[in-house]
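In this note's numbering, the protein residues as written are 8 to 493.
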């Protein structure tokens with residue numbers, strides 16, 4: 008059922024009920040006013056004929072029939088339009104419209120009362136007539152037919168008004184409700200025409216100055232925006248899963264074939280012990296490489312799918328301290344120095360840890376000197392409105408022509424045994440935190456310095472970069488680490 012029809016039915020039922028309720032109140036007020044008018048009239052007539060009633064009582068007490076008859080006639084003539092009944096010690100005198108003798112009258116006193124008998128109603132008023140010689144009670148009566156007729160007239164008009172009010176109010180309410188709900192109809196048609204599967208057009212709503220309609224349109228817009236956002240994130244998640252599968256199958260093919268070949272070699276019965284040891288070591292290297300690659304691909308996927316609500320205030324110095332402690336445990340032969348001061352950012356703690364772990368791991372792997380010694384220096388400090396993270400090593404360094412290429416996914420040098428994703432993860436996390444990463448020469452021109460700058464305030468407006476496809480797209484990286492399609 009349409010809303011306008013519901014409103015029309017509700018008004019069509021409510022208005023007659025209100026009319027009847029108001030009519031009932033009106034009838035009660037009219038009845039009270041009519042009774043008051045009748046009572047005032049009865050009291051006035053009783054006061055006017057009271058002297059004649061006293062004279063009649065005295066004439067009856069003195070046993071003067073002629074005077075009694077004259078006074079009785081005079082009393083009835085003075086009563087005019089009301090009935091009179093005078094009761095005294097010598098009898099009862101009655102005249103005019105009044106209840107029959109069989110109708111019991113209430114005790115005198117108080118005010119006017121209603122007396123009913125023989126199917127009729129009377130308004131009666133008793134006026135005591137005290138006196139030193141003789142006393143009695145003067146009753147005056149007025150039939151309530153006039154009041155009943157007037158009340159019946161009012162009742163009929165109330166009923167007629169209620170009957171007319173039902174269809175008229177329903178029709179009027181339907182017309183108003185139909186006009187008021189027309190913006191809802193337009194909004195419904197606009198929303199029904201949207202199909203996210205075939206078009207990117209979204210709800211366009213012009214303010215109607217109807218609060219409920221405008222609020223509903225705003226809510227629909229918000230819901231559709233959230234739908235688009237979640238649909239985009241779902242598509243990104245599917246792309247990430249496909250890319251993970253494709254990258255893993257492509258990059259793992261050669262190592263797995265190498266492992267298979269080495270296993271065949273190990274199965275040879277006449278293999279010398281020295282060669283067997285070399286093959287086993289080769290298998291271990293391939294195993295470490297495969298494991299590192301799978302872990303790196305997983306971390307790239309986590310970075311592409313992280314949401315803004317995962318970012319919280321944290322101290323980069325504390326994360327760096329934990330990362331250096333773990334690196335020292337894994338490489339006890341290396342010399343790793345840490346100089347960290349308080350450096351608060353609004354960031355994703357697992358992502359900052361990934362960034363630091365890969366910076367230090369890359370320096371330990373590629374930053375050894377000619378004698379195989381690893382000396383790594385990690386510095387964390389605040390620099391104005393930025394947090395500065397630097398990692399220095401004493402290795403052979405990176406040629407200027409290759410300093411952009413090393414951030415590409417699966418980029419490996421000729422002698423590299425790594426996954427080719429370490430610095431890609433560093434660039435990804437720097438971009439997620441709206442920061443930059445760059446490579447340069449180490450102190451004194453020896454080795455490599457990797458510098459990461461993160462804004463103290465965290466992601467701009469608490470929003471993540473619009474493009475997060477580090478796993479799905481092989482991308483080139485500029486010195487500012489913002490991704491550009493290759």
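Here a beta-carbon is modelled for each residue, glycine too, at the ideal position from N, C-alpha and C.
Closest Cα partner of residue i within the set the options
i, options, result
"residue 291", "263, 276, 306, 280", "263"
"residue 46", "104, 72, 120, 196", "120"
"residue 380", "347, 350, 411, 341", "341"
"residue 102", "68, 127, 364, 56", "56"
"residue 353", "26, 316, 376, 65", "316"
"residue 12", "313, 464, 178", "178"
"residue 15", "129, 182, 139, 160", "182"
"residue 402", "452, 260, 392, 72", "452"
"residue 265", "288, 276, 280, 279", "288"
"residue 477", "408, 313, 226", "313"
Beta-carbon proximity of residue i to residue j, cut-off 7 Å
i, j, result
"residue 385", "residue 345", "yes"
"residue 310", "residue 430", "no"
"residue 220", "residue 191", "yes"
"residue 143", "residue 93", "yes"
"residue 400", "residue 383", "yes"
"residue 394", "residue 461", "yes"
"residue 115", "residue 150", "no"
"residue 23", "residue 172", "yes"
"residue 355", "residue 318", "yes"
"residue 443", "residue 449", "no"
"residue 433", "residue 371", "no"
"residue 396", "residue 446", "no"
"residue 135", "residue 122", "no"
"residue 82", "residue 141", "no"
"residue 273", "residue 286", "yes"
"residue 53", "residue 145", "yes"
"residue 284", "residue 324", "no"
Opposing strand residues paired with residue i [DSSP bridges]
i, result
"residue 120", "131"
"residue 445", "458"
"residue 346", "386"
"residue 136", "143"
"residue 394", "389, 461"
"residue 100", "93"
"residue 148", "90, 131"
"residue 399", "384, 456"
Closer than 7 Å to chain D by CB, residue i
i, result
"residue 444", "Absent here is chain D; the protein component of the structure consists of one chain."
Contact belief for residue i with residue j at Cβ below 8 Å, rounded distance in angstroms
i, j, result
"residue 428", "residue 307", "7 Å"
"residue 169", "residue 18", "The Cβ separation is near 13 Å, so there is no contact."
"residue 132", "residue 110", "15 Å between Cβ atoms; not a contact."
"residue 359", "residue 436", "7 Å"
"residue 51", "residue 154", "Actually they do not touch by this definition, with Cβ atoms about 17 Å apart."
"residue 67", "residue 98", "7 Å"
"residue 518", "residue 162", "Outside the shown range of the chain (8 to 493) lies residue 518, about which nothing can therefore be said."
"residue 389", "residue 348", "7 Å"
"residue 78", "residue 138", "About 14 Å separates the two Cβ atoms, so there is no contact after all."
"residue 335", "residue 343", "6 Å"
"residue 463", "residue 392", "5 Å"
- Message: Restricting to runs no shorter than 3 residues, where is the beta strand (DSSP E) found entirely within the segment 261-335?
- Response: 319-322
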